[in-house]
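The structure is reproduced here in structure tokens:
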């Protein structure tokens, strides 16, 4: 029988895909999620689900102690940037205190491996191509501050335990069933598929991001979780090394839907903190895990359209 892997946030947008992949590859999977994303648990024979908040240190420790997983993949977090700005205390409590609760239990029960979902937003906004081993980190908003703090917590934990740790700096992960009002769901909610022309209200349309398909993100996380054990801490960018502006995303959606889409600038949607560019170098993760990306941004947009509108391209 293969190892048991515990996934926090395992019912979420990325987590549900990861849990399915792990299950299909024969692993026993334990899922911890408080279901605030309003997505259901994955129901598979070798998956055990617990409705639990990572802020509940006692319950969290009981589950880790009971299952003694070989690896924990920590995805549970508040990652919607506007929510982190509006509800800073809540975001830091979940992201920082929740992570500390997890690390204390991991150390107590001597879990061998940890895979942690950080963000490409921890990098300084002053550099063009973001590289794990060269680009300095410089948190830009409350979300990236919380993840930067998590990385410091995890480095401290790793030095104490000499555990096998992977920090995955996720860039903009997209695909169907994203429960948060990120850019692409926000655009599509403003479009009536029955109308011949659409008008969408957006903020900064010149900002550029590196978008990766959620299935590729989940696959890379699975490879980190299931790879041969090795002591030490590694940081990996989870990205495509290609970036698109908001304006270009709207154009691609228009092409797929075969309709013109006009953009109106909404001052209320312009973030106070918003970097112009965020593109990562993905060669390290692809080389070390001997893999590739399997999906394009067009694939992701088609999946989202099909789910939201029953739309076939």
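Residue numbers (our numbering): 1 to 313. All C-beta atoms in this analysis are idealised placements derived from N, C-alpha and C, irrespective of residue type, glycine included. Given the structure is predicted, the values throughout are model-derived calculations rather than measurements.
Residue range of the beta strand (DSSP E) that includes residue i
i: residue 265; result: 261 to 265
i: residue 142; result: Premise fails: residue 142 lies in the alpha helix (DSSP H), 142 to 161, not in any beta strand (DSSP E).
i: residue 76; result: Unbroken run through residue 76: none, as it is neither H nor E.
i: residue 254; result: Careful: residue 254 lies outside any beta strand (DSSP E), inside the alpha helix (DSSP H) at 246 to 257.
i: residue 198; result: 198 to 202
i: residue 233; result: 232 to 238
i: residue 33; result: 28 to 33
Residue i - containing alpha helix (DSSP H), residue span
i: residue 16; result: 15 to 24
i: residue 280; result: Taken as a continuous stretch (DSSP letters only), residue 280 belongs to no alpha helix (DSSP H), being part of the beta strand (DSSP E) at 277 to 280.
i: residue 117; result: Taken as a continuous stretch (DSSP letters only), residue 117 belongs to no alpha helix (DSSP H), being part of the beta strand (DSSP E) at 113 to 119.
i: residue 98; result: 98 to 108
i: residue 285; result: 283 to 288
i: residue 123; result: That residue, residue 123, is in no alpha helix (DSSP H); it is neither H nor E in DSSP.
i: residue 307; result: 297 to 309
i: residue 81; result: 81 to 86
i: residue 216; result: 214 to 226
i: residue 186; result: 183 to 189
Pairwise C-alpha distance: residue j and residue i
i: residue 113; j: residue 30; result: 15 Å
i: residue 106; j: residue 191; result: 46 Å
i: residue 15; j: residue 292; result: 20 Å
i: residue 247; j: residue 276; result: 13 Å
i: residue 63; j: residue 144; result: 29 Å
i: residue 102; j: residue 61; result: 8 Å
i: residue 17; j: residue 58; result: 27 Å
i: residue 90; j: residue 84; result: 8 Å
i: residue 185; j: residue 295; result: 19 Å
i: residue 109; j: residue 93; result: 23 Å
i: residue 182; j: residue 74; result: 21 Å
i: residue 241; j: residue 253; result: 21 Å
i: residue 11; j: residue 126; result: 35 Å
i: residue 132; j: residue 120; result: 9 Å
i: residue 146; j: residue 70; result: 26 Å
i: residue 163; j: residue 111; result: 8 Å
i: residue 244; j: residue 219; result: 22 Å
Spatially closest choice to residue i from the options, by CA coordinates
i: residue 304; options: 257, 273, 294; result: 257
i: residue 193; options: 260, 145, 16; result: 260
i: residue 39; options: 26, 47, 62, 9; result: 9
i: residue 255; options: 301, 145, 111, 213; result: 301
i: residue 80; options: 173, 298, 130; result: 173
i: residue 273; options: 34, 58, 139; result: 139
i: residue 150; options: 309, 97, 27, 12; result: 97
i: residue 22; options: 33, 7, 36, 32; result: 7
i: residue 5; options: 169, 262, 122, 115; result: 115
i: residue 237; options: 169, 219, 203, 299; result: 169
i: residue 129; options: 298, 163, 282; result: 282
i: residue 124; options: 154, 77, 280, 158; result: 280
i: residue 158; options: 230, 33, 26; result: 230
i: residue 160; options: 120, 47, 306, 232; result: 232
i: residue 204; options: 265, 146, 243, 134; result: 265
i: residue 37; options: 77, 70, 3; result: 77
i: residue 179; options: 46, 19, 307, 48; result: 307
i: residue 82; options: 99, 141, 48, 134; result: 141
i: residue 286; options: 223, 249, 245; result: 223
i: residue 216; options: 152, 297, 197, 188; result: 297
i: residue 171; options: 154, 198, 208; result: 208
i: residue 2; options: 234, 262, 228; result: 228
Residue i, buried or exposed, once every other Cβ within 10 Å from all chains shown has been counted against 16
i: residue 290; result: exposed
i: residue 148; result: buried
i: residue 66; result: exposed
i: residue 270; result: exposed
i: residue 225; result: buried
i: residue 136; result: exposed
i: residue 95; result: buried
i: residue 156; result: exposed
i: residue 43; result: exposed
i: residue 25; result: exposed
Coil, strand or helix - residue i by DSSP
i: residue 53; result: coil
i: residue 169; result: strand
i: residue 9; result: coil
i: residue 46; result: coil
i: residue 269; result: helix
i: residue 64; result: helix
i: residue 242; result: coil
i: residue 4; result: strand
i: residue 293; result: coil
i: residue 130; result: strand
i: residue 211; result: strand
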